[in-house]
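So in the numbering used here, spot 150 of the sequence shown is number 305, and the numbers just go up one at a time.
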Amino acid sequence: MLIGLLQDKKVSIDTEKCMKCALCARVCPMQLSPYTDYDDKCQLKSDDCIRCGACVVNCPTQALSFEENRSFTGEPCPHKKKRKEYKAVLEKVEDLTSDVRQFTFKFIEPPKMSFKPGQFLIIKVLDGPIVFRAYSISSTPDECSSVKLAIKKVSDGLGSPLVYEFKEGMEVILEGPMGEFTLQDDTKDVIFVANGIGITPFVSMTKEALKRNQGRVMLLFGVRNEKDIIYDDYFKALKEEYPDFEYILSLTKPSENWKGEKGRVPVLIEKINLQSYDAYLCGSKPMLKDTKEALIKSGIKSERIFFESFF
Ligand SMILES: Cc1cc2nc3c(=O)[nH]c(=O)nc-3n(C[C@H](O)[C@H](O)[C@H](O)COP(=O)(O)OP(=O)(O)OC[C@H]3O[C@@H](n4cnc5c(N)ncnc54)[C@H](O)[C@@H]3O)c2cc1C
Ligand code: SF4
Ligand code: SF4
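So this is what it looks like as structure tokens:
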């Protein structure tokens with residue numbers, strides 16, 4: 156078995172063998188590009204590589220390999236900690252919107268997974284070629300015998316339409332947990348900012364921050380219109396339980412009946428005083444870029460801004 160065994164080695168490319176077919180980038184669950192993003196030692200530059208091996212096994216010319224990292228410092232891959240392969244059964248599929256579905260997977264072997272709010276796992280979506288896709292866990296760690304993943308269908312995508320063909324009762328391979336996008340111990344006042352499907356890690360992270368009770372907790376969630384809102388009942392229930400929790404929804408194209416906030420998340424940020432806050436952002440790259448700029452303008456130090464990009 157390839158995954159899980161090679162985690163302290165970097166992906167290397169033999170540029171002579173590469174025919175630039177881009178298959179390695181297509182199968183990569185972390186949206187990396189091993190055939191273009193390499194250093195002068197021909198090793199993948201990005202630290203986001205989870206060493207799953209999908210690019211290596213799928214390369215038609217064997218241009219990619221896991222070589223000893225010649226500049227290896229002795230620090231193990233951060234994704235290695237507690238990461239395991241799990242056999243699981245798809246227990247339940249629910250439509251959250253017209254293009255977002257929630258999948259509940261019950262672990263078979265090992266029977267439980269412990270993870271931190273904000274972490275993600277990968278699902279094997281295809282065997283030939285081997286393809287994995289990464290999804291943030293949207294359930295809380297209390298439910299350790301199963302996980303919920305909310306997955307948006309990207310119509311022209313490779314992996315998400317395949318997951319949409321999964322049927323209740325089928326067995327799947329998951330691997331995880333992975334990721335460093337978790338609540339820092341010294342975070343006190345905190346704002347979580349998401350757009351679209353980027354809300355998934357914040358389902359459990361907001362709850363964790365509220366339970367910790369170390370400062371103010373704010374969630375700013377941007378979507379296009381009312382039909383794209385997910386987990387609204389869940390966040391409203393948290394607001395009932397923790398009345399100081401600030402839950403703000405902002406719609407860019409609301410119906411005329413919408414009475415809440417309107418406009419893009421970064422524009423809204425500029426109106427809020429956030430100087431004492433740590434910020435956690437998740438969603439699309441353009442939203443992350445604009446929000447980071449707005450947060451820095453509002454006085455938040457860049458080292459107190461943590462983010463996960465989905466696409
Ligand atoms: C750490 C991490 C956590 C993630 N968590 C989630 C999650 O909880 N839920 C979830 O649905 N996705 C999540 N993603 C994204 C997910 O891994 C896939 O990238 C996504 O499902 C698209 O895969 P695909 O194979 O269908 O599309 P691909 O074949 O990889 O991409 C096809 C095209 O669609 C574009 N695209 C990709 N995703 C989107 C999108 N969401 N909206 C619009 N265009 C897009 C790409 O830029 C590309 O042009 C996460 C990604 C990472 C790295
Ligand atoms: S899959 Fe192999 S041949 Fe194709 S672009 Fe990637 S490294 Fe090059
Ligand atoms: S090993 Fe996996 S995560 Fe790393 S570049 Fe290859 S496909 Fe992407």
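Built from N, CA and C at the ideal position, the CB exists for glycine as well.
A residue is called buried when at least 16 other Cβ atoms come within 10 angstroms of its Cβ; Ala392 does not meet this threshold and is exposed. Taking all protein chains in view, the Cβ of Lys456 is surrounded by fewer than 16 other Cβ atoms within 10 Å, so the residue is classified as exposed. Looking only at Leu429, Ile328, Thr342 and Glu396, the smallest Cα-Cα distance to Leu375 is reached by Leu429. Nearest to Leu406 by C-alpha distance, out of Asp203, Asn350, Val244 and Phe321, is Asn350. Under the DSSP definition of a beta bridge, Leu199 partners with Tyr193. Residue Pro421 holds the alpha-carbon nearest to the alpha-carbon of Asp445 among Pro332, Asp195, Pro421 and Asp297.
Straight across, the Cα-Cα distance linking Leu443 with Ser464 is about 7 Å. Inclusion of Glu326 and Lys242 in the CB contact set at 9 Å is warranted, their separation being smaller than that value.
For Asp399, same chain residues with a beta-carbon under 8 Å away, outside a window of 5 residues either side, are Arg371 and Val372 in chain order. Ile451 counts as exposed, since fewer than 16 other C-beta atoms from the protein chains shown sit within 10 angstroms of its C-beta.
A heavy atom of ligand 3 is found nearer than 8 Å to the CB of Ala209. Burial check for Met333: the Cβ neighbour count within 10 Å reaches 16 or more, so the residue is buried. Ranked by Cα distance from Phe270, the first of Thr337, Glu395 and Ile278 is Thr337. Taking every residue with its beta carbon within less than 5 Å of a heavy atom belonging to ligand 1 gives, in chain order, Phe275, Arg288, Ala289, Tyr290, Ser291, Ile306, Lys307, Val309, Gly312, Leu313, Gly314, Ser315, Ile352, Thr355, Phe465 and Phe466.
The alpha-carbon separation between Asp254 and Lys196 amounts to approximately 42 Å.
For Ile277, the enclosing beta strand (DSSP E) has its first and last residue at Phe275 to Leu281.
Between the stretch 357–364 and the stretch 309–325 there are fewer than three C-beta pairs closer than 8 Å, too few to call the two in contact. Listed in chain order, the non-local C-beta contacts of Tyr190 below 7 Å within the same chain comprise Ile168, Cys173, Lys175, Ala177, Cys179 and Ala180, local neighbours out to five positions each way being set aside.
With a minimum length of 3 residues, the unbroken runs of beta strand (DSSP E) contained wholly in the stretch 297–382 fall at 301–307, 326–333, 345–350 and 372–378.
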